[in-house]
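First the structure, in the form of structure tokens, and then the observations on it.
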Amino acid sequence: MQTIALPATPLAAASKSASASQGHATQSAALESSELLQGAKAVSIVHNGAIYRLQTTKLGKLILTK
Numbered sequence: 001m002q003t004i005a006l007p008a009t010p011l012a013a014a015s016k017s018a019s020a021s022q023g024h025a026t027q028s029a030a031l032e033s034s035e036l037l038q039g040a041k042a043v044s045i046v047h048n049g050a051i052y053r054l055q056t057t058k059l060g061k062l063i064l065t066k
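In full-length UniProt numbering, the protein residues as written are 1 to 66.
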């Protein structure tokens, strides 16, 4: 299982505040689950010091647990 550390403040939030001052609407950044999982059935994600587990089910759904 892999552990991936993601920033607590996503880049999309920084972009949003910058473009909000310019009057443009922005969307949140989207990641493909395959980019996170990289072929594994589960990965650990560190967020604000807590470890979460992202896993796929047999039906292709995602489950995020703390």
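From the three backbone atoms N, C-alpha and C, an ideal C-beta is built for every residue, glycine too.
Source: prediction; values computed, not measured.
Following the continuous beta strand (DSSP E) through S44, name the residue where it begins and the one where it ends.
-> Looking at the DSSP string, the run of the beta strand (DSSP E) that includes S44 is 42 to 47.
Quick one: Cα of I45 to Cα of Q27, how far?
-> Going from the Cα of I45 to the Cα of Q27 covers about 23 Å.
Indicate whether L36 and L54 have their beta-carbon atoms separated by less than 8 Å.
-> Taking 8 Å as the Cβ cut-off, L36 and L54 qualify as a contacting pair.
C-beta contact flag for L51 and T57 at 8 Å | This sequence places Ile at residue 51; Leu is not what is there. Their beta carbons are not under 8 Å apart, which means I51 does not touch T57 by this criterion.
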